[in-house]
Amino acid sequence: MKEQDRPRGTLARVMLANMVWRSIGLYSNAFLSIFVFATLSRLLSPEDFGVMGIATIFVALAEIFSDLGVGPAIIQRPELKEAHLRVGFTTTVLLGMAMVVILWLCSPLLASFFRDPTIAGVLYGVSFSFLFSSFGAVSEALLRRELRFKRLMWVDLSSYTLGYAVVGLGMAWNGFGVWSLVGATLSQSLLKSVFLLFARPHPMLPSLARQELRELVYFGGGMTLSRLFAFGASRGDYLVVGRVLGVGPLGVYTRAYRLMNLPANYVGRVLDTVLFPVMGKIQSNIPRLTKFYLTGVATISLTCAPLGMLMAVAAPEVVSVVLGSQWTEAVLPFQILAFAVLPRVSYKIDNSLAKAMGAVYQRSARDAVYAVAVILGAGIGLRWGLPGVATGVLCAVILNNVMAFRMSVRLLGCSTTQYVRAQAPGLLMAMVVGLVALPTRYLCLTYASPDWMTLVLTSLAGSLAVLSLFIWQPTRIAGVHGTDAVVMVFESIPRNFFPKIVDRWFNNRVVSSAT
478 MKEQDRPRGT
488 LARVMLANMV
498 WRSIGLYSNA
508 FLSIFVFATL
518 SRLLSPEDFG
528 VMGIATIFVA
538 LAEIFSDLGV
548 GPAIIQRPEL
558 KEAHLRVGFT
568 TTVLLGMAMV
578 VILWLCSPLL
588 ASFFRDPTIA
598 GVLYGVSFSF
608 LFSSFGAVSE
618 ALLRRELRFK
628 RLMWVDLSSY
638 TLGYAVVGLG
648 MAWNGFGVWS
658 LVGATLSQSL
668 LKSVFLLFAR
678 PHPMLPSLAR
688 QELRELVYFG
698 GGMTLSRLFA
708 FGASRGDYLV
718 VGRVLGVGPL
728 GVYTRAYRLM
738 NLPANYVGRV
748 LDTVLFPVMG
758 KIQSNIPRLT
768 KFYLTGVATI
778 SLTCAPLGML
788 MAVAAPEVVS
798 VVLGSQWTEA
808 VLPFQILAFA
818 VLPRVSYKID
828 NSLAKAMGAV
838 YQRSARDAVY
848 AVAVILGAGI
858 GLRWGLPGVA
868 TGVLCAVILN
878 NVMAFRMSVR
888 LLGCSTTQYV
898 RAQAPGLLMA
908 MVVGLVALPT
918 RYLCLTYASP
928 DWMTLVLTSL
938 AGSLAVLSLF
948 IWQPTRIAGV
958 HGTDAVVMVF
968 ESIPRNFFPK
978 IVDRWFNNRV
988 VSSAT
């Protein structure tokens, strides 16, 4: 690949710097979240998580309409005026109030549908999170539009630590059961809005000016439609399991899905929150946008494919160490869902591209098919219990990934072959991880190693195998677009940060081979 063809330049460096800050914030949150996740799993019952899981189905549904896509519309607009901000703030607050009223009215009916009266009270409580969150929605959109992810990192980390972690763990420790999850959700949403308004003030004088409202709602309407179908995809399996199998099995399934979704969610959020505004700035420069896209695809594959394979191999140990021995029923569903990590993250970058290019209605059609596939897959899989549900959902995720990248290559005018070449190195690394991790885990089990040691040694063996291959043949292992990502990372960091041997390796094995 020629030097001038590389996706470098000021925007690439800005994107990388903001991905670093976004990653620091999200992964700090992730480590804290894993601790909170593991602790709550030991303090609360599957029924508690099942009740909250059902409540989150309808909270997520209401969240779709809570801002009518105003936040993404503010990020995407080429020209943003003060009137847009005032209209956006007024709209989100009014919609937040409306969501509280709607959930209060619907809660008794929903509790009756799932045959559990506890659900009504939980929904009464968590409904106020919409009102709290609405006050910070415009501030968050502005921080993302302006690529100020360092501030956003501190907001996210502080609100999660002081809100969800402290309040949730404190209430759970004192025996509040499912209400500890309600209290954690409310305190986090309230603190986040307060911190956002301090981090990025904006005009809050109420306004519903027609022109600005129409401009925001047109783009936001497509986003809302897409979110509605995405809701069916992300919560359709919960709905099927909760209605047919009950809150206990749903609690087990939500733990397995959430455990799989931790890396998928955090990697995907880094990509979406950073790449969407960056892609929006270069949406008219198709060649440059294509390079960004393929580089992102390669990066996702190189990180997520090996991780998913490692999670599948060490699933029993992951569940035992993170959740505890009482969650053994979650092992097989989690093991199956682990293969969804790569496709689950991959379509995040396709979603960012669709938003940046304004193809939100095309994305909505794809999300509609995805939602139907999830519900059908979960429903068909019920015959074989939770593992069957997990298999049906995995098939739906893979189908959505295929539809997503096919839409992206049409928008960009590139080929499926280019996409496959960007993905291939990561899939190869996943095979290497599997070939090394499986015998390592078997050896650990032979010598009756404790679960934590088996997990550590299996992860270490797989990681060292990949690292060794990469050091030996970096450009062949990473591929063309993966090498672009490596070059961008190394060239954005001061050279005196690396030991001389690393700098020499980079120049001799990466730069010279790539050019």
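Count the sequence shown with this note's numbering and you get residues 478 to 992, in order.
Every residue gets a Cβ at the ideal spot worked out from N, C-alpha and C, and that includes glycine.
None of the values given here were measured: they were computed from a predicted structure.
- Assignment of GLN839 by DSSP, reduced to helix, strand and coil, places it in the helix class.
- Linking ALA848 to SER841 through their CA atoms gives a straight-line distance of about 10 Å.
- The residues ALA710, CYS872, ALA873, LEU876 and ASN877, in chain order, have a CB closer than 8 Å to that of ALA850 in the same chain once the five nearest residues on each side in sequence are set aside.
- In this structure, the straight-line span from the alpha carbon of THR662 to that of GLN688 is close to 35 Å.
- LYS977 counts as exposed, since fewer than 16 other C-beta atoms from the protein chains shown sit within 10 angstroms of its C-beta.
- Listed in chain order, the non-local C-beta contacts of GLN895 below 7 Å within the same chain comprise LEU771, local neighbours out to five positions each way being set aside.
- By the C-beta density criterion, ALA925 is exposed, having fewer than 16 other C-beta atoms within 10 angstroms.
- Closest by C-alpha distance to LYS669, out of GLY613, LEU624, ARG628 and GLY856, is GLY613.
- With a threshold of 16 other beta carbon atoms within 10 Å, LYS558 falls short and is exposed.
- In this structure, ILE596 lies near LEU587, with their beta-carbon atoms less than 8 Å apart.
- At the C-beta level, SER778 and GLY939 stay beyond 8 Å of one another.
- Looking only at LEU619, ARG519 and ALA942, the smallest Cα-Cα distance to GLY911 is reached by ALA942.
- Here the alpha carbon of PRO523 sits roughly 28 Å from the alpha carbon of MET576.
- Closest in alpha carbon position to GLU617, among GLY640, PRO678 and CYS891, is PRO678.
- The alpha-carbon separation between VAL729 and SER510 amounts to approximately 18 Å.
- Sixteen is the threshold: since fewer than 16 other Cβ atoms of the shown chains lie within 10 Å of the Cβ of TRP949, the residue is exposed.
- Contact between the segment 554-573 and the segment 601-611 is present: 3 or more CB-CB pairs across the two stretches fall below 8 Å.
- Collapsing the DSSP output to three states places LEU779 in a helix.
- With a threshold of 16 other beta carbon atoms within 10 Å, ARG691 falls short and is exposed.
- If the five residues before and after PRO683 are omitted, its C-beta is found closer than 6 Å to the C-beta atoms of THR567, all from its own chain and listed in chain order.
- For GLU559, the enclosing alpha helix (DSSP H) covers residues 559-590.
- Rounded to whole angstroms, ALA642 and LEU819 show a C-alpha spacing of 28 Å.
- A distance below 8 Å separates the beta carbons of LEU673 and VAL632.
- For the alpha helix (DSSP H) assignment, the uninterrupted runs of no fewer than 4 residues enclosed by the segment 812-864 are, from N- to C-terminal side, 818-833 and 837-858.
- Contact between ALA560 and LEU620 is absent: CB atoms are separated by about 20 Å, not below the 8 Å threshold.
- Excluding five sequence positions before and after SER636, the CB atoms of its chain that fall closer than 7 Å to its own CB belong to GLN665, LEU668, LYS669 and PHE672, given in chain order.
- Contact between the segment 829-838 and the segment 797-809 is absent, with fewer than three C-beta pairs closer than 8 Å.
- 8 Å or more divides the Cβ of TYR715 from the Cβ of GLY858.
- About 6 Å separates the beta carbon of LEU736 from that of PHE811, a gap short enough to meet the 8 Å contact definition.
- In the displayed model, PHE626 falls within a helix according to three-state DSSP.
- Shown here for VAL790: same chain residues with a beta carbon closer than 8 Å to its own, the five before and five after excluded, namely VAL910, GLY911, ALA914, LEU915, ARG918, THR935 and GLY939 in chain order.
- Check the Cα spacing between GLU806 and each of PRO594, VAL694, THR731 and PRO764: the tightest is with THR731.
- VAL897 and GLY865 have their C-alpha atoms some 29 Å from each other.
- Taking the C-beta atoms as reference points, LEU520 is found nearer than 8 Å to ALA649.
- Scanning the segment 897-938 from its first residue to its last, no whole beta strand (DSSP E) run of 3-plus residues comes out.
- Shown here for CYS781: same chain residues with a beta carbon closer than 6 Å to its own, the five before and five after excluded, namely VAL818, LEU819 and VAL822 in chain order.
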